[in-house]
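Some notes on the structure that comes next.
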């Protein structure tokens, strides 16, 4: 019990460090250049409290249950050594985890001419296929960079055959499917598969599953766009609830909590059923371990319900309202640096980011510090928000940013250590989580409404932009790391003293040679 309390206090501290900067920025803006109605501001504050508590429970729950479950299942599937079994189970796992992701439901509602279920099933099939490809890459020890250099050009070739109104939504789909539900489980699955390999690259290859699983949805949605020829997202102007009394404010959250309890329950159920099947058939874990997993699942459930209620009811309205007000100022360009500042801090509030940072630091034995990676992610997301706000103000096509951005990221894969490539492309999916979908996207939508732009083409795509820039910044971190290692090794070689042996230590032949 004391251990759980200690863990909860640690996670609470991490959550506060992540969320307090965002709260401070919003409060400063609301009391200076972007006045916010009291009802919306109070909803934001309550939402922030729920977000902090939710992150605390979620990160502890993921550590206790989702990560160990994924590792055990991955190890056991790999140990079967039967390729058809591995392919079948990985496809099913990728499929059901994708259907479990709450953010995918939000995206599906934005796409016309394609029914929600058609889109969700297509994306789920895409993730299932690419999870199989990612696992086979690990088992056969194939470089991730080769697969990225094959699939991303295919993605961009397909963009020539899809309506421009559909492009941003297609690229956003790659980000929303790798959210807080899927990332801990998929990353742990990779660690489990790598555990059956004994070569020196096993740990390096445990990363990269998230990156490949992010490509599947983009390809699936682009193919749907070619088949159905949709003409853009059916976007209607956001209605911002402004509670005038405390009772009205409570009703906003009162209606939100049961909705997300049901949604997260439905999301977790397929994963629990899959784990139960494995427990009965193969794992047969001890009672104590099972109880720990159940407690962890309960923490995960509570955490995600509180987190999603907080961000959807409290953060989404204030994000949209701030975007409208700031973009409506005479000096609307100020939204670019403000967006960058928000982007720098908001990535720290993404729950799955902590899962990735902890696993990176653990698997590399501290060689890649979590803090250095956190700063790299923050800088990347800040830059992406600056570019996203430029798009909102100017209406530039998203391809003018994505094509050179991904080209640079793919070129860097040829020069950086393998592990940095894998972590970088995983980071893209991890950074574009629920905070991006429920605060940054509404922020961009509000700004776009204020400047009279096309919300579907100019505001959508924020998730895709956030997913792109970490690919570059983390790999640049890899270049710096590689340079420092080489410099350190060179200095050690130069500093190593030459051992001079006494004359008696040499034989006659050695003396003659001397």
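In our numbering, the protein residues as written are 366 to 879. Idealized CB from N, CA, C, for every residue including glycine.
Legend entry - residue 691, buried or exposed, once every other Cβ within 10 Å from all chains shown has been counted against 16: Buried, since its Cβ has 16 or more Cβ neighbours within 10 Å.
Legend entry - Nonlocal neighbours in the same chain, by C-beta distance under 8 Å from residue 766, ignoring five residues either side: Answer for residue 766: 752, 756, 830, 833, listed in chain order.
Inset, instruction - Give every residue of the same chain whose Cβ lies closer than 7 Å to the Cβ of residue 762, excluding the five residues on either side of it in the sequence, and list them in chain order. - result: Once the five neighbours on either side are set aside, the close Cβ partners of residue 762 are 529.
Legend entry - Close Cβ partners of residue 454 (< 7 Å) along its chain, the five nearest in sequence each way excluded: Excluding residues within five positions, the ones whose Cβ falls inside 7 Å are 442.
Legend entry - Euclidean distance between Cα positions of residue 374 and residue 672: Going from the Cα of residue 374 to the Cα of residue 672 covers about 17 Å.
Inset, instruction - Can you say whether residue 382 is buried or exposed, counting buried as having 16 or more other CB atoms within 10 angstroms of its CB? - result: So residue 382 counts as exposed.
Inset, instruction - Using three-state DSSP, classify residue 697 as helix, strand or coil. - result: Three-state DSSP puts residue 697 in a helix.
Inset, instruction - Check whether the Cβ atoms of residue 492 and residue 578 sit closer than 8 Å, and answer yes or no. - result: It is a contact, given that the beta carbons lie within the stated cut-off.
Inset, instruction - Please list the segments of the alpha helix (DSSP H) lying wholly inside the segment 717 to 796, counting only runs of 4 or more residues, in order along the chain. - result: List check, alpha helix (DSSP H) in window: 735 to 759, 764 to 777, 783 to 796.
Inset, instruction - Decide yes or no for the touch test of the segment 699 to 716 against the segment 733 to 747: beta carbon pairs closer than 8 Å, at least 3 of them. - result: Taking a contact to require three or more Cβ pairs closer than 8 Å, the segment 699 to 716 and the segment 733 to 747 qualify as touching.
Inset, instruction - Return the first residue and the last residue of the alpha helix (DSSP H) that residue 853 is part of. - result: For residue 853, the uninterrupted alpha helix (DSSP H) segment begins and ends at 827 to 860.
Legend entry - Burial state of residue 582, where buried means 16 or more other Cβ atoms lie within 10 Å: Its Cβ being crowded by 16 or more others within 10 Å, residue 582 is buried.
Inset, instruction - Taking only runs that begin and end inside the segment 420 to 498, name each unbroken alpha helix (DSSP H) of 4 or more residues, in chain order. - result: Secondary structure in the segment 420 to 498: the alpha helix (DSSP H) runs of 4 residues or longer, each lying completely within the stretch, are 432 to 444, 448 to 465, 467 to 473 in chain order.
Legend entry - Under 8 Å between C-beta atoms of residue 527 and residue 533: Contact flag unset, no.
Inset, instruction - Would you kindly report the start and end of the unbroken alpha helix (DSSP H) that includes residue 619? - result: Judged by DSSP secondary structure, residue 619 falls within the alpha helix (DSSP H) whose first and last residues are 611 to 643.
Inset, instruction - Determine the direct distance from the alpha carbon of residue 376 to that of residue 424, and round the result to whole angstroms. - result: Distance between the alpha carbons of residue 424 and residue 376 is about 7 Å.
Legend entry - C-alpha distance - residue 598 paired with residue 656, whole-angstrom precision: Bear in mind that the predicted position of residue 598 carries a pLDDT of just 49, short of 50, making it unreliable; the figure below should be weighed with that in mind. Approximately 45 Å, taken between the alpha carbons.
Inset, instruction - Output yes or no for whether 8 Å exceeds the beta carbon distance between residue 420 and residue 716. - result: Taking 8 Å as the Cβ cut-off, residue 420 and residue 716 qualify as a contacting pair.
Legend entry - Where the alpha helix (DSSP H) containing residue 814 begins and where it ends: For residue 814, the enclosing alpha helix (DSSP H) starts and ends at 806 to 816.
Legend entry - residue 771 versus residue 403 - alpha carbon distance: Using only the alpha carbons, I get a separation of about 42 Å.
Inset, instruction - Rounded to whole angstroms, what's the CA-CA distance from residue 750 to residue 445? Just pull it up for me. - result: C-alpha of residue 750 to C-alpha of residue 445: approximately 45 Å in a straight line.
Legend entry - Neighbour-count burial assignment, residue 396, 16 or more Cβ in a 10 Å radius: Exposed, since its Cβ has fewer than 16 Cβ neighbours within 10 Å.
Inset, instruction - Identify, in the order they occur along the chain, each residue of the same chain with its Cβ nearer than 8 Å to the Cβ of residue 591, setting aside the five sequence neighbours on each side. - result: Same-chain partners within the cutoff: 523, 526, 527.
Legend entry - Outcome for residue 450 when other beta-carbon atoms lying within 10 angstroms are tallied against a minimum of 16: Under this definition residue 450 is an exposed residue.
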